[in-house]
């Protein structure tokens, strides 16, 4: 190995350009060996520093505790011998008596006997400093007293610095103060222990303080830090060297061999490289080496499986595409226009999710005034299920077109589908609407019940009478659910895919949230196509993840009955709504042979009434217009339903033109009624268009 490459780097000399695997080797900028070295060094430094810090702090804490105990013992001994009242006397008078000299001698003897205390003194804190009352180094002056005996003579005042200044407030209050360790310019490192001398009432008379020299202690701590640090550094170095040797031999070198063998394997051309790798250790590296050898075998098997999988996926994609095309081709076409009446108002929408699903809707005529609808979903998305769905739809249609009742047709279809396949079933809801009477009959075979809205009221769930899906059981007797639809009633049907949509908290969309969405103004007042788009958009926004939405089908039905007696029309509150109303009334009048001036007068009343109603509503609201011509009465009944804020449009007018319009309507109409509801208001006007005899003649001519 070249000398320029350290033995502990864990890397071999790089191959020359043009050699096998050279391009891969040149990409290794920071080898695994270097990373391990850096990690071991960093770990060793951190552990050594931590050990040094902990040992130093432990040693320092024990030493400091020892000297704090000595200082505290000395100051408490002296404090127990002092009279607080005497201290007040010495502080105030600076006069000495026999007791003063005895105390001074006691202090000197105490310092001499302690051995570790350098200075022992008594002070009185005040202002920003202290006044000395006693000091072990106090010398007598020329007068034989301690008032003129030098720096620490009785009455000497000194300002506090450093840690003493920081604890000035506690000293003035006579509180306990922890020993202070700091460096003095004249005396070096000192530890000062102190204890207050208090009166019986807790007021401070003075402080006893003892200074202990810490110069030798500080030097010992520095020596400890140096010796311990050196020892840890030497041990760390030895540990790193030994550990790197072991890592190199047992870890880095085997990995390098595996790396070289892997780099030498190019497309399976050098498989023998793995056979040359000999790892004798019974650990994960040997397992890894064996796994590499097995990998070569598995790669070949994998390649074969991938090819087979690609073929299967291509075939599956073709089947799904065919199933999707088949499903879309089965969607219903436009219904033929009904003779003498409105076309059936029905719209469907199919939402394909992330994966294909066999959901569907269908509607077709069983006669001029009978509409049949189907909504269902077959679980799964295979081509076979799509074909089964088509056959099941055709079976139901053929049974219904034989003239059987809905109950008989469903029972017969169930028997045929059961004989056709014992593995699949057909969940479906089938309904038949009589456009003349408004009778709606339905049977739910494994589907959710629909929602019903009466007039312009609110959507509510219908009674759930669900039976087993078609083809699941042979002996099922299906029963019909019947209801009478009135003008403007709506029904909403959907498959299970809509129920399966969940929000972030796992709440399904198809329960309460679907009903709330349908009852929002943007949905309830919209045309059927817009309503279906509104619901699908709301379901997509409700989903926690767009990818979780599976396929579903929705279908909306509105019962519209148009004959000579009564018809209705949904209007927008904008200016275009007036044109829609005129066109609607013109068709109804012509159907009842009301023309000429009689038609014109009614159109004027309707236009003025609609303008007044619009003034009380929001710009984006909608109105339901109903027009009835009772046979032989010579009357026309016009009713407008919409949200007008509970205000009678003929009573709440703004401007002279609106007042004249309201007066004109009241004068020319037989009756004007206003009803306030919780969701909408209703205005009804009754206008006579001919005398009774003329009306009868007009009816006969019709």
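Residue numbers (the working numbering): 1296 to 1997. Ideal placement from N, C-alpha and C gives every residue a C-beta, glycine not left out.
Query, Result
"Residue interval of the alpha helix (DSSP H) (run including residue 1908)", "1891-1910"
"Three-state secondary structure (DSSP) of residue 1715", "helix"
"Which of helix, strand or coil DSSP assigns to residue 1374", "helix"
"Integer Cβ distance of residue 1738 from residue 1773, believed to fall under 8 Å", "5 Å"
"Cβ neighbours of residue 1531 in the same chain (closer than 7 Å, five flanking residues each side left out)", "1339, 1343"
"Bridge partners - residue 1506, DSSP secondary structure assignment", "1414, 1487"
"N-terminal and C-terminal residue of the beta strand (DSSP E) that residue 1848 is part of", "1847-1853"
"Residue 1482 - DSSP class collapsed to helix/strand/coil", "coil"
"Nearest-angstrom Cα separation, counted from residue 1844 out to residue 1835", "8 Å"
"Reference residue 1783, options 1495, 1425, 1918, 1984, closest by Cα", "1918"
"Within the region 1760-1804, ranges of the alpha helix (DSSP H) (whole runs, at least 4 residues)", "1791-1794"
"Alpha-carbon spacing of residue 1997 relative to residue 1890, whole angstroms", "Because residue 1997 sits at a pLDDT of 37, beneath the cut-off of 50, its placement in the model cannot be relied upon, and the following sentence gives the value as read from the coordinates. Distance between the alpha carbons of residue 1997 and residue 1890 is about 12 Å."
"Contacts around residue 1979, its chain only, beta-carbon distance under 7 Å, and the 5 residues preceding and following it disregarded", "1932, 1934, 1968"
"Outcome for residue 1693 when other beta-carbon atoms lying within 10 angstroms are tallied against a minimum of 16", "exposed"
"Reference residue 1348, options 1543, 1517, 1851, 1960, closest by Cα", "1517"
"Distance between residue 1764 and residue 1981 (C-alpha atoms, nearest Å)", "51 Å"
"Coil, strand or helix - residue 1639 by DSSP", "coil"
"Proximity winner among 1854, 1839, 1924, relative to residue 1882 (alpha-carbon distances)", "1924"
"Proximity of residue 1723 and residue 1848 at Cβ, strictly below 8 Å", "no"
"At least three beta-carbon pairs within less than 8 Å, the region 1673-1689 to the region 1715-1722", "yes"
"Classification of residue 1709 by the beta-carbon crowding that lies within 10 angstroms, buried from 16 upward", "buried"
"Under the three-state DSSP convention, the category residue 1496 falls into", "coil"
"6 Å CB neighbourhood of residue 1702 in its chain, flanking five on each side removed", "1773, 1775"
"Cα-Cα separation, residue 1884 to residue 1691", "41 Å"
"Integer Cβ distance of residue 2076 from residue 1833, believed to fall under 8 Å", "This structure does not reach residue 2076, given that the chain is present from 1296 up to 1997, and the question cannot be answered."
"Residue 1984 - DSSP class collapsed to helix/strand/coil", "coil"
"Per DSSP, the bridge partner or partners of residue 1673", "1653"
"Helix, strand or coil at residue 1470 [DSSP, three-state]", "coil"
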